[in-house]
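What follows is a set of notes on a single structure, which appears directly below.
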Amino acid sequence: MKSNTGHRNDQGRVAEEGEEVCGEQLGAMENARKRCQAPSTSKSLMATEDDPYKIDPLIALIDMDCFYVQVELRLEPEWRGKPAIVVQYKTRHKGGGIIALSYEARERGVKRFHHADDAREVCPEVKVFVVPELHGKADLTRYRDAGAEVIRVMKKHFHCVERASVDEAFVDLTKEVKQLLPRYLSKELKLTPEALGSTCIAESHSVEAWLDQLYLKLEEDPEAFVASSVQLNNFALAIGAVLVNDLRQDIINVTEFHCSGGISYSKTLSKLACGLNKPRKQTVLPGNAVGPLFNKTNIIDVRMLGGKLGRSIIENLCISTMGELCKVEVPKLRQYFSEETARWLASLAVGIDNEPVQERDLPKSIGCSKNFLGKEALSTREQVKKWMEHFVSELSVRLKKDQAENNRSASLLTVSITYVKDPFKIKSGQSCSRCAPMTSYDNEAMVYDAFMVADRLLTSLGYRNGRYHYAVINLGISASKMRDGGFTASRIDSYFRGQKKKEVDDSQIFPGNKYSELKVKGRDASKIQLGKAKEVRERKGSITKYLNQASPRKDAQGGQASHHQQQKVRTEHMESKSDTETRLGQLLQATRSQRMGKVRRLFPARFTDEGGTRLGGRQRRRVPQ
DNA sequence: ATTTTGACGCT
DNA sequence: AGCGTCAAA
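According to UniProt numbering, the first sequence is numbered sequentially starting from 1.
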């Protein structure tokens with residue numbers, strides 16, 4: 001039985017018009033290259049005389065296993081091997097909420113979304129670590145710093161590393177693997193199970209068998225092997241697995257932290273692969289395993305489909321797996337989603353996301369926030385100011401460290417507020433944010449600016465007898481728009497030039513303060529009717545804006561929530577479409593390159609049976625030009 | 001009533 | 001500029 005049965009059976013007829021497709025594709029790739037800071041991905045698709053091997057992009061995701069727990073266990077190693085959890089705010093609701101749990105704790109029935117008290121009930125011996133508190137709030141510095149340690153090791157191995165969160169990062173392995181390819185093909189280096197270490201192969205029981213199959217094909221006909229993108233891609237995948245295994249071992253050596261990894265052709269596939277064998281394992285996801293895997297993958301479990309969009313796919317199309325989504329034709333998708341969304345989904349349904357790995361190992365913003373629920377809700381100026389001071393105390397330390405270590409300074413200070421009428425009858429609060437230029441890391445200046453924007457907003461919503469009419473249930477500040485270097489005179493000058501006279505009386509709350517002549521930027525909330533604006537959005541905006549405007553189908557939405565689109569950029573560098581009939585044809589144009597004037601691939605070879613371990617089918621498909 | 005982050009797209 | 005969505009511990 002074929003390993004990809006049921007997955008894309010319409011691949012027979014694909015693109016046929018040659019030059020046109022090539023032309024479009026080169027244009028699309030050019031766009032992709034411009035956006036990608038590390039152009040290795042698109043370059044890798046180009047076969048040249050110097051570089052005869054053409055492989056697909058190779059992307060890994062490294063994800064630390066129950067990271068916060070590991071960070072705590074490194075500090076208190078005596079708890080290693082025992083069930084352990086990390087909770088926030090021990091003294092609050094039910095002993096604090098779990099934000100990380102060890103695999104030992106999971107085995108004993110502790111669940112995410114449990115609280116510390118629940119965990120102790122099912123597992124009395126569980127070790128409970130509590131997130132440090134500083135300035136009256138949870139302080140995650142310890143985990144951020146540990147995450148930075150890991151990123152440093154990764155940067156030592158690879159140029160193109162994208163910090164995706166505090167504990168995970170994507171790596172573009174393409175360039176490194178390409179460089180090694182000739183040495184492995186020539187047998188100077190050998191792919192062995194030992195070299196692959198803790199590697200698993202998705203949809204395969206044995207790494208050994210998978211490697212054996214690979215080498216069997218190579219021995220059989222070396223020329224055919226290097227000419228077959230299926231074989232070459234599998235081979236590259238195996239090399240990638242070696243590199244990632246080495247990286248993971250180095251991370252252990254340097255940081256003591258264990259992690260899992262996924263190695264495949266896109267962020268989406270790598271992420272999915274990474275989750276297949278946790279903890280302390282890495283998973284290779286070859287092209288021919290994507291179909292079978294997708295047949296049992298819930299749509300919700302795929303990156304970017306875990307929210308409203310995924311739910312609306314499931315409801316509208318009455319399907320639940322990626323395999324089913326793959327069989328839905330683009331026109332059908334267009335009934336429910338915009339043209340761009342439809343195409344993006346069609347790509348995603350075969351594992352293609354066209355998202356380059358951005359070379360970025362530092363966060364783009366630094367912030368802190370806190371919820372104030374129920375009776376904790378803030379309703380006086382003094383309370384808000386006090387918390388701004390707390391936030392700034394934490395933030396300024398983090399900002400100054402960032403400035404010293406990374407030679408950059410934030411230029412924008414943003415205050416975020418969620419407020420409600422009655423904090424005891426919370427449905428969903430109104431969220432809003434206001435910003436001010438950031439021209440120094442002076443605590444007093446930051447407190448003043450942050451408080452002023454917050455107070456202006458809240459006061460405009462109603463203020464009487466020392467209380468705001470609305471209660472603040474979430475408050476946060478964040479620094480962003482990082483610029484190289486420190487603060488310069490010109491930046492400060494331009495800030496002062498931009499100031500107008502202040503309009504809010506701050507003489508009592510900031511007696512005699514040195515900023516009293518300044519006024520922060522920002523709109524007057526009283527004039528913009530926040531509540532109403534949001535209401536209008538909910539009524540019409542979010543529904544219509546994602547619909548295909550050309551074919552009105554409002555009924556199909558059934559009042560569903562919005563379908564958030566982050567795919568616009570991505571679809572941009574997919575082909576702009578010729579007249580290919582099948583969806584498959586549309587997909588491959590953007591994702592495959594052709595060797596001009598030589599072999600032209602009909603479809604992404606990695607998704608075919610060729611090279612599958614037990615198929616013994618045809619070697620490769622070619623279309624004579 | 002998990003909470004605290006962070007990135008990014010849309011308008 | 002400000003809001004919403006998605007995601008990770």
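Just so it is clear, CB atoms sit at the ideal spot from N, CA and C, and this is done for glycine as well.
Answer with buried or exposed for His114, where buried requires no fewer than 16 other C-beta atoms within 10 angstroms of its C-beta.
-> buried
Can you list, in chain order, the residues of its chain whose CB lies under 6 Å from that of Gly27, leaving out five sequence neighbours each side?
-> With a pLDDT of only 25 at Gly27, under 50, the local geometry of the prediction cannot be trusted, and no value is derived from it.
Arg74 (DSSP reduced to helix, strand or coil) | helix
Quick one, which of Arg106, Lys271, Leu218 has its alpha-carbon nearest Glu168's?
-> The option with the nearest alpha carbon to Glu168 is Lys271.
Proximity test, Arg456 beta-carbon vs the ligand HEM heavy atom, cut-off 7 Å | Within the structure as shown, the ligand HEM is missing, as the structure has no ligands at all.
Inter-stretch contact (C-beta, 8 Å, three-pair minimum) for the stretch 286-297 and the stretch 196-204 = yes
Where does Ile299 sit, in a helix, a strand or coil, going by DSSP?
-> The answer is helix: DSSP assigns Ile299 an H, G or I state.
Residue(s) in a DSSP beta bridge with Thr141 = In DSSP, Thr141 forms no bridge with anything.
Report yes if the C-beta distance between Val392 and Ala454 is below 8 Å; otherwise report no.
-> no
Status (buried if at least 16 other CB within 10 Å, exposed otherwise) for Lys187 | exposed
Among Met388, Ala195, Thr439, Gly374, which residue has its Cα nearest to the Cα of Arg92?
-> Gly374
Give me whichever residues DSSP pairs with Gly358 in a beta bridge.
-> Rather than Gly, the amino acid found at residue 358 in this sequence is Gln. Answer is none; Gln358 lacks a bridge partner.
8 Å contact criterion, which Leu362 and Ala479 should meet: CB distance rounded = With a Cβ gap of about 13 Å, Leu362 and Ala479 do not count as contacting.
Just the Cα atoms here: how many angstroms apart are Val420 and Arg112?
-> 28 Å
Determine the burial state of Lys156: buried for a count of at least 16 other Cβ atoms within 10 Å of its Cβ, exposed for fewer.
-> exposed
Report yes if the C-beta distance between Phe225 and Leu61 is below 8 Å; otherwise report no.
-> no
May I have the straight-line CA-CA distance separating Cys326 from Ala346, to the nearest angstrom?
-> 7 Å
Cβ neighbours of Arg381 in the same chain (closer than 7 Å, five flanking residues each side left out) = Asp455, Ile509
At a cut of 8 Å, does the stretch 326-343 reach the stretch 240-250 through at least three beta carbon pairs?
-> The stretch 326-343 makes no contact with the stretch 240-250, as fewer than three CB pairs between them are under 8 Å.
How would you label Glu220, buried or exposed, when you count the other beta carbons within 10 angstroms and need 16 or more for buried?
-> exposed
Neighbour-count burial assignment, Thr141, 16 or more Cβ in a 10 Å radius | exposed
Contact the stretch 145-156 vs the stretch 97-112: 3+ CB pairs below 8 Å = no
Limits of the unbroken beta strand (DSSP E) element including Pro124 = Boundaries for Pro124: no beta strand (DSSP E) harbours it, and the DSSP string shows neither H nor E there.
Short check: CB of Thr418 to CB of Ile366, under 8 Å?
-> no
Thr439 in three-state terms, based on DSSP = coil
Put Glu220 into one of helix, strand or coil per three-state DSSP.
-> helix
Length of the line joining the Cα atoms of Ile352 and Ser266 | 6 Å
Distance between Phe235 and Val87 (C-alpha atoms, nearest Å) = 43 Å
Using CA coordinates, which residue listed in Pro279, Leu305, Ala450, Gln403 is at the minimum distance from Thr199?
-> Pro279
Could you tell me which of Asp449, Tyr468, Ala404, Trp387 sits nearest to Leu134, measuring between CA atoms?
-> Trp387
Give the single residue among Lys190, Ala410, Lys425, Gly476 whose Cα lies nearest to the Cα of Cys432.
-> Gly476
Assuming Ile299 contacts Gly310 under a Cβ cut-off of 8 Å, what Cβ separation, rounded to an integer in Å, is found between them?
-> 5 Å
Taking 8 Å as the cut-off, decide whether the C-beta atoms of Ala84 and Ala116 are in contact.
-> no
Check whether Gly287 and Cys274 have beta carbons under 8 Å apart | no
Take His390 and list the residues in its own chain whose beta-carbon comes closer than 8 Å to its own, dropping the five residues that flank it on each side.
-> His135, Gly136, Lys137
Sort out for me which residues DSSP pairs Glu168 with in a bridge.
-> Asp63, Ser165
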